[in-house]
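Undergrad: This is the structure I want to talk about, given as structure tokens.
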Amino acid sequence: MVDQLVWQDRFNLGIDYIDKEHRKLFGIMNKVLKHSGDEEKRQWACEEGLKYFKAHAVKHFAEEEGYMASIDYKGLKTHRRLHKNFQYVTLPELEKELLRTNYSQEAVDHFLGVCIGWLVGHTLTEDYAIINGDETVGTWDNLLPDEAQKAMGEIVTNLIFDMFQLNSRVISEHYGGEKFGKGIYYRLIYSNGEEKKWEIVLVFEERLLLKTVGNMIHTSTEKLNTMIINATRYAARQFVNRIKEHFASADEYDLEAENLLTYEQLQKIFEKETPQYSLLLDTGAGYFAFCAIAPHLLEDSVEPSINADNAVAEIREYLEKNEQERRAARKKKKILVVDDSMVIQQSMKELLGEDYDIALAGSGLATIRSITLDRPDLILLD
């Protein structure tokens, strides 16, 4: 299924000893990838991979942090926290899962997905920020709402370019949860240990993940699998952490939970909450949405949080549920219900939902976007 992880020139930071260490990591991951499907050799390959990652965490992290200190890099504190989390939380949890499952194929895929996601995501976001001098912190307090939306759009498009060399453009600053083809809906919840929380929702068109994360790990599948989803999860965390650094209070918030959502659950979030940022982007390889909801608007989780103990099962169940829903939807005609009354929308959905695939829109703008992104067979207007 997977051939190799390919080193690309854009991964080079221009710091020789750091680039050399990153290339070594790509090499060790390729050894694990080579033997991951071999029942007799995959345990040995994973053990070697873990051993090398542990050594890397001690030596390379220290060298990298030493370099940041030498140039007075302002993001050193946050970068160090990410290193410590990977070293003392992520790697031990992965090792426990491998041992607990006797190096099952799914646990090995999870290990590969997490490590590849970390390696690519960390290199192309946190590490790249060192040489780019991207240390902006606390700028939002001085921005007006429209300016803040524009600035966030620039941050997101720049990060997408840094990670995947895709020239993105913001096509809406008011994304309201409209469906744009087959999607993966991923939510991260951050807490400061008190009542304040942030909720980040990332929406990926499936073909975007297949063309970016899928191509990067050279998977031959044309469908999403647990390895691609796991690699996406961890790369997405790095992506969000880079965005968080632009907020003055970023260091106060730690990841509390993560969830893979159904489209229905995504719609419920937009029905009940008002995002501070809600951007829809065309990356050229597929659509992507970034949404950030204010802490006081956050509601309780709608799905169990993903952790080391249930990650493989949760992702497998999520993919199976998605496939079942899509098979059912393909058999139904699609109706777009347009009404500014949420009560009417839900009533029509309950009335027609058993026989038709129902999409909802509450405004003219939402209607236009819904028609453009996922054309219905029939439109019912208020």
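Going by the working numbering, the letters in the sequence shown line up with residues -18 to 363, in that order.
By construction, the Cβ of each residue, glycine as well, lies at the ideal position given by its N, Cα and C atoms.
Predicted, not measured: the structure shown is a model, and the values here were computed from it.
1. Distance, Cα to Cα, residue 96 vs residue 254?
2. Assuming residue 183 contacts residue 271 (C-beta within less than 8 Å), just tell me the rounded distance between them.
3. Along the chain, where does the alpha helix (DSSP H) that runs through residue 51 open and close?
4. Among 138, 235 and 0, whose alpha-carbon lies nearest the alpha-carbon of residue 176?
5. Which ranges does the alpha helix (DSSP H) cover as unbroken runs of at least 4 residues, wholly within the stretch 223 to 275, from first to last along the chain?
6. DSSP has residue 338 in a bridge; who is on the other side?
7. In angstroms, rounded to a whole number, what distance separates the CA positions of residue 148 and residue 77?
8. Distance check for residue 26 and residue -3, CA to CA, integer angstroms please.
9. In angstroms, rounded to a whole number, what distance separates the CA positions of residue 238 and residue 207?
10. Would you report the Cα separation of residue 163 and residue 39, rounded to the nearest angstrom?
11. Should residue 307 be labelled buried (16 or more other beta-carbon atoms within 10 Å of its own) or exposed?
12. Say whether the stretch 13 to 28 touches the stretch 51 to 67, bearing in mind that this needs 3 or more beta-carbon pairs closer than 8 Å, one atom from each stretch.
13. Does the distance from the C-beta atom of residue 154 to that of residue 260 stay below 9 Å?
14. Measure the C-alpha to C-alpha separation of residue 232 and residue 226 and round it to an integer number of angstroms.
15. Sort 90, 80 and 37 by Cα distance to residue 65 and report the nearest one.
16. How about residue 241 and residue 150: are their beta carbons less than 9 Å apart?
17. Below 7 Å CB to CB, which residues in the same chain sit around residue 92 once its five sequence neighbours on both sides are set aside?
18. For residue 141 versus residue 6, is the C-beta spacing smaller than 9 Å?
19. Here's the rule: buried if 16 or more other CB atoms are within 10 angstroms of the residue's CB, otherwise exposed. What is residue 146?
20. Rounded to the nearest angstrom, how far is the Cβ of residue 45 from that of residue -1, given a contact under 8 Å?
21. Enumerate in chain order the residues of its own chain whose CB-to-CB distance from residue -11 is below 7 Å, with the five nearest sequence positions on each side excluded.
22. Can you find the residues in the same chain that come closer than 8 Å, C-beta to C-beta, to residue 12, ignoring five residues on each side of it along the sequence?
23. Taking only beta-carbon atoms, is residue 262 less than 9 Å away from chain B?
24. Where residue 32 and residue 72 are concerned, what is the direct C-alpha to C-alpha distance, given to the nearest angstrom?
25. Going straight from the alpha carbon of residue 90 to that of residue 194, what length do you get?
26. Taking the beta carbon of residue 180 as the centre, do at least 16 other beta carbons fall within 10 Å, making it buried, or is it exposed?
27. So the alpha helix (DSSP H) residue 78 belongs to, where does it begin and stop?
28. Return helix, strand or coil for residue 182, following the three-state DSSP convention.
29. Where does the unbroken alpha helix (DSSP H) through residue 13 begin, and where does it stop?
30. Would you tell me roughly how many angstroms separate the C-alpha atoms of residue -9 and residue 219, rounded to the nearest one?
31. I need the straight-line Cα distance from residue 42 to residue 215, nearest angstrom please.
32. Is the beta carbon of residue 315 closer than 9 Å to that of residue 339?
33. Counting C-beta neighbours from all protein chains within 10 Å, is the total for residue 178 16 or more, i.e. buried, or is it exposed?
34. Within the same chain, show all residues whose beta-carbon is closer than 7 Å to that of residue 133, passing over the 5 residues directly before and after it, in chain order.
35. How many angstroms separate the CA atom of residue 249 from the CA atom of residue 21?
36. Quickly, what does DSSP pair residue 359 with across the bridge? List them, please.
TA: Concretely, from the data shown:
1. Locating residue 96 in the sequence shown gives position 115, counting from the first residue. Locating residue 254 in the sequence shown gives position 273, counting from the first residue. Annotation: residue 96 to residue 254 spans about 34 Å, alpha carbon to alpha carbon.
2. Along the sequence shown, one-based indexing puts residue 183 at 202. Along the sequence shown, one-based indexing puts residue 271 at 290. Right, the Cβ-Cβ distance comes to about 6 Å (below 8 Å), so this counts as a contact.
3. As a position in the sequence shown, residue 51 is number 70, starting the count at 1. That run of the alpha helix (DSSP H) goes 23 to 51.
4. As a working mapping, residue 176 is identified with position 195 in the sequence shown. Nearest option by C-alpha distance: 235.
5. Within the stretch 223 to 275, the complete alpha helix (DSSP H) runs of at least 4 residues are 244 to 253.
6. Here residue 338 is taken as the residue at index 357 of the sequence shown, counted from 1. For residue 338, which the question treats as bridged, DSSP gives the partners 315.
7. Counting from one through the sequence shown, the residue named residue 148 turns up at place 167. Counting from one through the sequence shown, the residue named residue 77 turns up at place 96. Distance between the alpha carbons of residue 148 and residue 77 is about 40 Å.
8. Within the sequence shown, numbered from 1, the residue matching residue -3 stands at position 16. Within the sequence shown, numbered from 1, the residue matching residue 26 stands at position 45. Cα to Cα, residue -3 sits roughly 27 Å from residue 26.
9. For the purposes of this step, residue 238 is taken as the residue at position 257 of the sequence shown. For the purposes of this step, residue 207 is taken as the residue at position 226 of the sequence shown. Answer to the nearest angstrom: the Cα atoms are 19 Å apart.
10. On the sequence shown, residue 163 is found 182 positions in, with the first residue counted as 1. On the sequence shown, residue 39 is found 58 positions in, with the first residue counted as 1. Distance between the alpha carbons of residue 163 and residue 39: 41 Å.
11. Here residue 307 corresponds to residue number 326 of the sequence shown, with the count starting at 1. Exposed, by the Cβ-count rule.
12. At 8 Å Cβ cutoff, the stretches do not touch.
13. To locate residue 154, count along the sequence shown from 1; it is residue 173. To locate residue 260, count along the sequence shown from 1; it is residue 279. Yes, the Cβ-Cβ distance between residue 154 and residue 260 is below 9 Å.
14. Taking the first residue of the sequence shown as position 1, residue 232 is located at position 251. Taking the first residue of the sequence shown as position 1, residue 226 is located at position 245. One C-alpha to the other measures close to 8 Å.
15. Residue mapping note: residue 65 aligns to position 84 of the sequence shown, counting from 1. Among 90, 80 and 37, the Cα nearest to that of residue 65 is on 37.
16. Start at 1 with the first residue of the sequence shown, and residue 241 comes out as number 260. Start at 1 with the first residue of the sequence shown, and residue 150 comes out as number 169. The Cβ-Cβ distance between residue 241 and residue 150 does not fall below 9 Å.
17. Numbered from 1 along the sequence shown, position 111 holds the residue referred to as residue 92. Around residue 92: 27, 75 and 79.
18. The residue labelled residue 141 in the question sits at position 160 within the sequence shown. The residue labelled residue 6 in the question sits at position 25 within the sequence shown. No, Cβ-Cβ distance for residue 141 and residue 6 is not below 9 Å.
19. What you label residue 146 is simply residue 165 of the sequence shown in a count that begins at 1. Under this definition residue 146 is an exposed residue.
20. Walking along the sequence shown from the start, residue 45 turns up at place 64. Walking along the sequence shown from the start, residue -1 turns up at place 18. So it is a contact: roughly 6 Å between Cβ atoms.
21. Taking the first residue of the sequence shown as 1, we reach residue -11 at position 8. Closer than 7 Å at Cβ, skipping near neighbours: no residue.
22. Residue 12 sits at position 31 when you count from the first residue of the sequence shown. In the same chain as residue 12, and ignoring 5 residues on each side of it, the C-beta atoms closer than 8 Å to its own belong to 26, 29 and 30, in chain order.
23. Among the protein chains of the structure shown there is no chain B, as only one such chain exists.
24. Here residue 32 refers to the residue found at position 51 when the sequence shown is read from its first residue. Here residue 72 refers to the residue found at position 91 when the sequence shown is read from its first residue. The straight-line gap from Cα to Cα measures roughly 10 Å.
25. Residue mapping note: residue 90 aligns to position 109 of the sequence shown, counting from 1. Residue mapping note: residue 194 aligns to position 213 of the sequence shown, counting from 1. Straight-line Cα distance between these residues: approximately 14 Å.
26. One-based indexing of the sequence shown puts residue 180 at position 199. Buried, since its Cβ has 16 or more Cβ neighbours within 10 Å.
27. Here residue 78 refers to the residue found at position 97 when the sequence shown is read from its first residue. Residue 78 -> alpha helix (DSSP H) spans 72 to 81.
28. By one-based count along the sequence shown, residue 182 stands at place 201. Assignment of residue 182 by DSSP, reduced to helix, strand and coil, places it in the strand class.
29. In the sequence shown, the residue the question calls residue 13 occupies position 32. Element bounds for residue 13: -3 to 16.
30. Your numbering for residue -9 matches position 10 in the sequence shown. Your numbering for residue 219 matches position 238 in the sequence shown. Roughly 17 Å separates the two Cα atoms.
31. By one-based count along the sequence shown, residue 42 stands at place 61. By one-based count along the sequence shown, residue 215 stands at place 234. Distance between the alpha carbons of residue 42 and residue 215: 18 Å.
32. Taking the first residue of the sequence shown as 1, we reach residue 339 at position 358. Taking the first residue of the sequence shown as 1, we reach residue 315 at position 334. Cβ atoms of residue 339 and residue 315: closer than 9 Å.
33. Here the question's residue 178 lines up with position 197 in the sequence shown. Its Cβ being crowded by 16 or more others within 10 Å, residue 178 is buried.
34. Within the sequence shown, numbered from 1, the residue matching residue 133 stands at position 152. Excluding positions up to five away in sequence, the list reads 258 and 260.
35. For the purposes of this step, residue 249 is taken as the residue at position 268 of the sequence shown. For the purposes of this step, residue 21 is taken as the residue at position 40 of the sequence shown. Taking the straight line from one Cα to the other gives about 47 Å.
36. Looking up residue 359 in the sequence shown gives position 378. Looking at the DSSP assignment, residue 359 forms a beta bridge with 316.
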